[in-house]
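Residue numbers (our numbering), protein chains in the order written: chain V, 1 to 487; chain U, 488 to 876.
Note that beta-carbon positions come from the ideal geometry of N, C-alpha and C, so glycine has one too.
Reading through the structure tokens given below for one structure.
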């Protein structure tokens with residue numbers, strides 16, 4: 001873009017006012033703020049913004065335990081551990097907003113004046129400042145004017161006509177609204193900021209865990225709305241019940257392929273909504289949204305599915321669903337088995353101990369099975385875990401593998417309420433439109449002056465101007481001149 | 488039945504790009520039109536093989552199972568391959584439009600190195616893996632494609648800006664120090680990673696530079712840093728000769744400046760749409776359109792950078808060399824947004840590579856590296872005459 005801007009250099013007769021205004025109308029300030037914001041944002045990606053433990057680890061690694069703790073305290077105090085919400089970061093954003101707003105207010109009237117003014121025929125003053133011009137000598141004729149108009153029209157313009165003092169003017173312009181593109185873009189930034197503020201002041205974010213069959217009526221808050229007084233929980237004026245939770249794996253692997261919750265919303269005793277949600281597809285009721293986020297096995301209530309094969313007899317495979325602490329008879333034997341411990345997701349620690357990683361059932365599940373004979377005498381206890389299938393009971397000649405969980409899961413839902421989100425989307429939409437208009441449309445103007453001379457000759461003076469993309473317009477101008485020369 | 492025919496086409500593409508790169512460099516050295524034609528032909532052939540590789544991988548993923556099939560942009564290998572593909576795509580358009588082959592020598596190495604890295608690194612999986620539930624959405628397609636097209640445009644701008652600086656800076660300019668410094672840092676890293684591969688058989692990720700700068704032996708570390716400084720010094724002395732080679736091509740400063748600007752003018756809207764679609768997707772998946780996650784933040788940092796570039800062009804004195812420098816710095820931000828975040832930092836986006844905690848020592852060495860670079864550029868600045876374009 002080749003627009004030249006004028007830095008306002010009026011000497012203040014309003015003293016401080018003009019000085020401050022002048023400061024904020026500067027594009028140099030914009031460049032500076034953008035770069036500062038960029039650099040400062042880097043800090044927040046190295047200093048963890050969500051987990052204080054990670055910062056502690058990093059600092060202790062760099063400075064040792066005592067110094068590390070001191071540095072962490074300093075970081076917390078200066079807001080570095082929550083820097084995107086700190087007063088100085090918000091202050092920088094406010095400065096940028098003021099810069100954008102004031103630049104817009106300062107420059108927009110001039111641009112609107114240009115747009116709203118109708119194009120006028122070419123005057124000598126204007127001609128002086130135009131670089132793109134050409135004189136063409138041609139034969140005078142009655143149809144010359146119409147030929148010129150046709151040539152201009154063929155370039156995609158709607159030519160206007162005027163006669164002044166024996167000179168015929170043909171002139172046309174297009175794309176003058178393209179000058180608005182920049183202002184749409186900048187306004188959109190302010191709209192987005194506004195939407196974000198609305199969300200911070202009145203919106204919230206939290207989570208719920210619903211065990212299959214149960215209903216919740218309050219949300220545990222993670223982010224509180226800044227302008228509402230709330231406790232650690234936000235009550236809902238309706239209930240959400242989880243009817244069923246389904247976990248799908250890829251084939252027989254331990255990788256989850258999908259997880260879905262069937263939810264029912266109960267409002268004032270009536271079931272008003274029912275939806276099966278999955279990741280990327282939330283439920284929305286009264287502007288509050290529930291997102292499928294995680295899941296887990298409800299401790300103490302789960303049952304494992306054991307695939308049991310008799311040693312040496314592959315065809316004897318049989319599945320048993322065994323609830324914790326409930327003895328189950330092993331068919332075809334005198335043994336009873338009881339699951340005494342259950343962990344859905346374990347890893348092996350550095351000292352070979354088993355560490356429970358999460359509540360989610362994965363292929364790395366483990367169970368401790370106690371075997372008794374029919375009189376209740378202890379026979380043996382084995383830890384069966386899929387990470388090491390060689391671990392099997394010694395006395396009982398069967399092979400055990402954990403292939404699934406049955407019984408109540410809880411579903412973990414992220415809950416959000418954001419009244420500003422549609423303002424933000426509007427801003428985003430405006431931004432894309434504004435950028436496309438600003439970059440890819442241009443204000444182009446052409447003028448042709450027809451002056452009749454002597455001996456049947458006429459002189460055509462062709463001039464052109466554009467606010468952007470001079471290179472491409474020069475090509476267009478050449479083509480117009482060539483068309484006129486041919487007439 | 489193995490599903491890796493796509494890998495064979497991937498290697499065909501990689502080596503063809505290597506050939507193209509060699510021919511573009513020869514074209515610059517000898518200014519022979521026939522060599523130039525071979526270079527372009529190699530580019531087209533490599534691009535064809537690459538397109539087949541990606542298409543085949545998409546098809547093969549569905550052969551593995553209807554629910555496993557997905558667009559091949561879901562892990563580090565796939566996305567880097569797609570990224571290189573978009574770079575070549577945009578490059579061929581620019582080459583045709585401006586009828587000039589000289590940029591090829593600067594763009595082709597980027598594509599080749601990207602593919603070579605993910606092809607050779609043993610810790611980067613080339614297997615087709617099923618998607619985790621969070622990625623099962625059509626937003627994956629549009630978010631990744633627009634973001635990568637944006638990155639590709641910025642990559643082209645980087646190459647063209649580098650060329651502009653080579654032609655337009657004198658040895659005592661700060662800008663000369665800047666581009667020779669960047670090249671020096673790049674060569675040093677490539678050589679060091681090569682040493683990693685040869686001596687330790689490990690490449691990248693948390694093992695990066697373990698054979699040299701992060702070596703157990705202090706002597707090896709010292710030698711590494713001395714080599715880095717040495718490479719910078721050598722480049723400072725000799726790079727001026729590149730200027731005379733390149734000046735022979737009809738790549739005028741105005742044209743280079745224009746191409747550099749126009750590719751950013753294409754990349755910026757694409758990146759904007761990429762960030763916005765990411766936000767919309769995040770809102771559909773997690774409930775927040777912006778969480779200041781390192782990946783999100785770095786994409787914003789890149790966006791702010793290019794916004795600064797676009798605004799700076801309005802201010803007198805920010806065309807030419809300064810704009811070229813900003814364009815190159817912006818691309819470094821792009822690289823960090825794409826790779827650095829996944830490999831070095833933790834967060835929601837670390838689906839691919841190592842993911843997990845901040846690789847502290849890697850960050851530390853990155854920091855020292857950059858400090859040396861900054862000092863080098865500052866030295867050039869302070870010894871420069873006030874002769875900045």
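inquiry  = Tell me which residues share the same chain as residue 173 (chain V) and place their Cβ nearer than 8 Å to its Cβ, disregarding the 5 neighbours each side in the sequence.
reply    = Within the first chain, the letter at position 173 stands for residue 173 (chain V). Once the five neighbours on either side are set aside, the close Cβ partners of residue 173 (chain V) are 119, 157, 443, 444, 445 and 446.
ask   = Applying a beta-carbon distance threshold of less than 7 Å, which residues of chain U neighbour residue 436 (chain V)?
value = For this step, residue 436 (chain V) is matched to residue 436 along the first chain. Chain U residues near residue 436 (chain V): 756.
ask   = Okay, do the segment 758–769 of chain U and the segment 787–802 of chain U touch, 3+ Cβ pairs below 8 Å being the bar?
value = yes
query = Helix or strand or just coil, what does DSSP make of residue 608 (chain U)?
reply = For the purposes of this step, residue 608 (chain U) is taken as residue 121 along the second chain, with counting starting at 1. Of the three classes helix, strand and coil, the one that applies to residue 608 (chain U) here is coil, per DSSP.
query = Between residue 220 (chain V) and residue 206 (chain V), is the Cβ-Cβ spacing less than 8 Å?
reply = Residue 220 (chain V) sits at position 220 when you count from the first residue of the first chain. Residue 206 (chain V) sits at position 206 when you count from the first residue of the first chain. Closer than 8 Å, so yes.
query = Whose CA, out of U:666, U:572, U:665 and U:598, lies closest to the CA of residue 506 (chain U)?
reply = The residue you call residue 506 (chain U) lines up with position 19 of the second chain. Residue 506 (chain U) has its Cα closest to that of U:598, out of U:666, U:572, U:665 and U:598.
ask   = What is the DSSP secondary structure of residue 507 (chain V), reduced to helix, strand or coil?
value = In the structure as shown, chain V begins at 1 and stops at 487. Residue 507 (chain V) is therefore absent and cannot be evaluated.
message = Taking CB distances under 8 Å as the criterion, tell me whether residue 178 (chain V) reaches chain U.
response = Numbered from 1 along the first chain, position 178 holds the residue referred to as residue 178 (chain V). No, residue 178 (chain V) does not count as interfacial toward chain U.
task = Could you tell me whether any Cβ in chain U is nearer than 8 Å to the Cβ of residue 467 (chain V)?
result = Numbered from 1 along the first chain, position 467 holds the residue referred to as residue 467 (chain V). It does not: the Cβ of residue 467 (chain V) has no partner Cβ on chain U nearer than 8 Å.
key: Beta-carbon proximity of residue 581 (chain U) to residue 569 (chain U), cut-off 8 Å   = Looking up residue 581 (chain U) in the second chain gives position 94. Looking up residue 569 (chain U) in the second chain gives position 82. Result no, Cβ atoms of residue 581 (chain U) and residue 569 (chain U) do not sit closer than 8 Å.
key: Neighbour list for residue 624 (chain U) in chain V, Cβ cutoff strictly below 9 Å   = Taking the second chain and counting its residues from 1, one reaches residue 624 (chain U) at position 137. Neighbours of residue 624 (chain U) on chain V, chain order: 279, 280 and 281.
message = Pairs of beta-carbons, one from the segment 611–618 of chain U and one from the segment 553–566 of chain U, closer than 8 Å: are there three or more?
response = yes
key: Sequence-distant residues of its chain with Cβ nearer than 7 Å to residue 536 (chain U) (five each side left out)   = Position 49 of the second chain, counted from the start, is the residue given in the question as residue 536 (chain U). Excluding sequence neighbours, residue 536 (chain U) sits near 496, 499, 500 and 503.
inquiry  = Quick test of the definition: if touching needs 3 or more C-beta pairs under 8 Å, does the segment 72–88 of chain V touch the segment 141–151 of chain V?
reply    = no
task = Entirely within the segment 162–211 of chain V and at least 4 residues each: give me those alpha helix (DSSP H) ranges in chain order.
result = 181–202
request  = Name, please, each residue of chain V whose Cβ falls closer than 8 Å to the Cβ of residue 772 (chain U).
outcome  = Residue mapping note: residue 772 (chain U) aligns to position 285 of the second chain, counting from 1. Here the neighbours are 279, 280 and 291.
key: C-beta neighbour in chain U for residue 28 (chain V), strict 8 Å   = Mapped onto the first chain, residue 28 (chain V) falls at position 28. Yes - at least one Cβ of chain U is within 8 Å of the one on residue 28 (chain V).
task = Under 8 Å between beta-carbons, which chain V residues line up against residue 752 (chain U)? List them in chain order, please.
result = In the second chain, counting from the first residue as 1, residue 752 (chain U) sits at position 265. By Cβ distance, chain V contributes 439.
ask   = Can the beta-carbon of residue 25 (chain V) be found less than 8 Å from the beta-carbon of residue 125 (chain V)?
value = As a working note, residue 25 (chain V) is residue 25 in the first chain. As a working note, residue 125 (chain V) is residue 125 in the first chain. In this structure, residue 125 (chain V) does not lie closer than 8 Å to residue 25 (chain V) by Cβ.
ask   = Nearest to residue 486 (chain V) by alpha carbon, out of V:245, V:347, V:460 and V:314?
value = Position 486 of the first chain, counted from the start, is the residue given in the question as residue 486 (chain V). Nearest option by C-alpha distance: V:460.
ask   = What residues in the segment 44–70 of chain V bring their beta carbon closer than 8 Å to a beta carbon of chain U?
value = 44, 45, 46, 48, 49, 54, 57, 58, 61 and 62
ask   = If we count Cβ pairs, one from each stretch, closer than 8 Å, do we get three or more for the segment 273–281 of chain V versus the segment 620–627 of chain U?
value = yes
query = Does any C-beta atom of chain U lie closer than 8 Å to the C-beta of residue 37 (chain V)?
reply = By one-based count along the first chain, residue 37 (chain V) stands at place 37. For residue 37 (chain V), the answer is yes, since a Cβ of chain U falls inside 8 Å of its Cβ.
task = Give the straight-line distance between the Cα atoms of residue 861 (chain U) and residue 260 (chain V), rounded to the nearest whole angstrom.
result = As a first step, residue 861 (chain U) is located in the second chain; it is residue number 374 there, counting from the start. As a first step, residue 260 (chain V) is located in the first chain; it is residue number 260 there, counting from the start. Straight-line Cα distance between these residues: approximately 52 Å.
key: Extent of the continuous beta strand (DSSP E) to which residue 683 (chain U) belongs   = As a working note, residue 683 (chain U) is residue 196 in the second chain. Counting along the chain, residue 683 (chain U) falls outside any beta strand (DSSP E), though it belongs to the alpha helix (DSSP H) covering 661–687.
message = Extract the residue ranges of the alpha helix (DSSP H) inside the segment 108–149 of chain V, only unbroken runs of 4 or more that lie entirely within it.
response = 124–129
request  = Would you mind sorting residue 639 (chain U) into buried or exposed? The rule is 16 or more other CB atoms within 10 Å of its CB.
outcome  = Locating residue 639 (chain U) in the second chain gives position 152, where the first residue counts as 1. So residue 639 (chain U) ends up on the buried side.
task = Throw me the rounded Cβ distance for the residue 202 (chain V) and residue 235 (chain V) pair, which I believe falls under 8 Å.
result = If you number the first chain from 1, residue 202 (chain V) lands on position 202. If you number the first chain from 1, residue 235 (chain V) lands on position 235. That belief does not hold up - the Cβ atoms of residue 202 (chain V) and residue 235 (chain V) are roughly 16 Å apart, past 8 Å.
query = Between residue 440 (chain V) and residue 814 (chain U), what straight-line distance do the alpha-carbon atoms span, to the nearest angstrom?
reply = As a working mapping, residue 440 (chain V) is identified with position 440 in the first chain. As a working mapping, residue 814 (chain U) is identified with position 327 in the second chain. Each residue's Cα considered, the two are about 20 Å apart.
C-alpha distance - residue 714 (chain U) paired with residue 824 (chain U), whole-angstrom precision = Locating residue 714 (chain U) in the second chain gives position 227, counting from the first residue. Locating residue 824 (chain U) in the second chain gives position 337, counting from the first residue. Between the alpha carbons of residue 714 (chain U) and residue 824 (chain U) lies a distance of about 28 Å.
message = Would the segment 506–518 of chain U count as touching the segment 592–608 of chain U if we require 3 or more Cβ pairs under 8 Å?
response = yes
ask   = Quick one: which chain V residues come within Cβ less than 7 Å of residue 628 (chain U)?
value = By 1-based counting over the second chain, the position of residue 628 (chain U) is 141. Chain-order list of chain V residues neighbouring residue 628 (chain U): empty, with the shortest C-beta distance near 13 Å, by a criterion of under 7 Å.
Contact with chain U by residue 103 (chain V), beta-carbon distance below 8 Å = For the purposes of this step, residue 103 (chain V) is taken as residue 103 along the first chain, with counting starting at 1. With 8 Å as the cut-off, residue 103 (chain V) does not count as an interface residue toward chain U.
query = Are the segment 124–144 of chain V and the segment 449–464 of chain V touching, with three or more C-beta to C-beta distances below 8 Å?
reply = The segment 124–144 of chain V, when compared against the segment 449–464 of chain V, does touch it at the 8 Å Cβ threshold.
request  = Given a cut-off of 8 Å, decide if residue 323 (chain V) and residue 774 (chain U) are closer than it, judged by their beta-carbon atoms.
outcome  = Within the second chain, numbered from 1, the residue matching residue 774 (chain U) stands at position 287. Within the first chain, numbered from 1, the residue matching residue 323 (chain V) stands at position 323. Cβ distance not < 8 Å, so residue 774 (chain U) and residue 323 (chain V) don't count as in contact.
message = On the DSSP letters alone, give me the boundaries of the beta strand (DSSP E) that residue 459 (chain V) sits inside.
response = Locating residue 459 (chain V) in the first chain gives position 459, counting from the first residue. Unbroken beta strand (DSSP E) run through residue 459 (chain V): 457–466.
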